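Taking it in order: structure first as structure tokens, then the write-up.
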Amino acid sequence: MIVAFLAYSLPPYLALDPARSRVPSTFPAHYLILSAHVVFGSIAMVTALLQVWPWIRRKHPVLHRYAGRAYVFAGVLPSGVLALTVGAATPYGPVTRASDVLLAVLWLGATWAGYRAARERRFGDHRRWMIRSFAMTMSIILNRLIGPIAAIFLEPQLATTFGGSEIALGQSVAALGAWVSWTVVLIAAQLWLDRKPKRRASV
């Protein structure tokens, strides 16, 4: 799924052609910043897979550590910082803007907390923070799935709820995808972390 997502998402931003951008530019450097955000975010997604692969953690701990550093310093940190700019300048309205900026702050914070925990050898905390970070990294996939579904359900209300405004409709679709995607995966990650371990059957 991740390979398919990247194969679809990356080409418009590797071509360095603003005309191919799927997001309308709101200032002159918008496309370049967005492209860099997408590239670094793709690095985060790929290296995150290496982090959660149990076989690599068990058999290749050195690779796990190096992939973890790449995830933090070549993936999340640059992509997250750029996301603050891209999110603040989104053309999809204030509700989406609030979601994008908040997600960037939480993504950066969780990732840095996980990195610091590993440096301090608090590996239980490291694991918990990185699971939250991983969830937010992958939330973009759910975002892209929610958008078309929201559009299908909301488009019949164009003439009524949205007063015929396609801009208002587009902003509502974007806002639903933005908020629902990362809140759902983050809640799911937290519920998974808080689950009670199964008791072993007594002999």
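Residue numbering for the sequence shown follows our numbering, starting at 679 and increasing by one per position.
Idealized CB from N, CA, C, for every residue including glycine.
These numbers were taken from a predicted model, which means no experiment stands behind them.
By the 10 Å Cβ neighbour count, where 16 or more other Cβ atoms means buried, how is residue i classified, buried or exposed?
i      : result
Thr789 : buried
Ala879 : Any reading at Ala879 is ruled out, since the residue's pLDDT is 45, under 50, leaving its predicted position unreliable.
Asp872 : exposed
Asp695 : exposed
Ile865 : exposed
Pro690 : buried
Ala796 : buried
Ile824 : buried
Tyr770 : buried
Val881 : For Val881, the pLDDT reaches just 37, beneath the cut-off of 50, and the residue's location in the model is therefore unreliable, leaving the point undetermined.
Take residue i as the anchor and find which of the options has the nearest alpha-carbon.
i      : options                        : result
Ser713 : Val851, Ala853, Gln835, Ala697 : Ala697
Ile809 : Val701, Gly771, Leu869         : Leu869
Leu728 : Phe718, Val740, Val717         : Val740
Thr774 : Gly848, Ser843, Ala682         : Gly848
Gly746 : Ala782, Ala726, Trp731, Leu762 : Ala726
Ile711 : Lys737, Val764, Asp695         : Val764
Taking C-beta to C-beta, are residue i and residue j nearer than 8 Å?
i      : j      : result
Ile819 : Met679 : yes
Gly758 : Leu786 : yes
Ala782 : Trp807 : no
Ser699 : Tyr686 : no
Kindly give me the distance between the Cβ atoms of residue i and residue j, rounded to whole angstroms, as I take these residues to be in contact under 8 Å.
i      : j      : result
Leu784 : Met814 : 6 Å
Val724 : Tyr793 : Rounded, the Cβ-Cβ distance is 18 Å, inconsistent with contact.
Ala619 : Val754 : Absent from the structure is residue 619, since the part of the chain shown begins at 679 and ends at 881.
Pro756 : Phe718 : 4 Å
Can you list, in chain order, the residues of its chain with a C-beta nearer than 8 Å to that of residue i? Leave out the 5 residues immediately preceding and following it.
i      : result
Ala828 : Ser850, Val851, Leu854, Gly855
Asp778 : Ala761, Val764, Gly765, Ala766, Thr768, Ala856
Leu692 : Ser713, Val717
Phe705 : Ala767
Can you find the residues in the same chain that come closer than 7 Å, C-beta to C-beta, to residue i, ignoring five residues on each side of it along the sequence?
i      : result
Leu688 : Val716, Ser720
Val862 : Leu820
Ser843 : none
Val858 : Ile824
Val730 : Phe812
Leaving out the 5 sequence neighbours to the left and right, which residues in its chain are closer than 6 Å to residue i when beta-carbon positions are compared?
i      : result
Ala867 : Ile809, Arg810, Ala813
His742 : Ile734, Arg735
Leu836 : Leu847
Pro702 : Pro769
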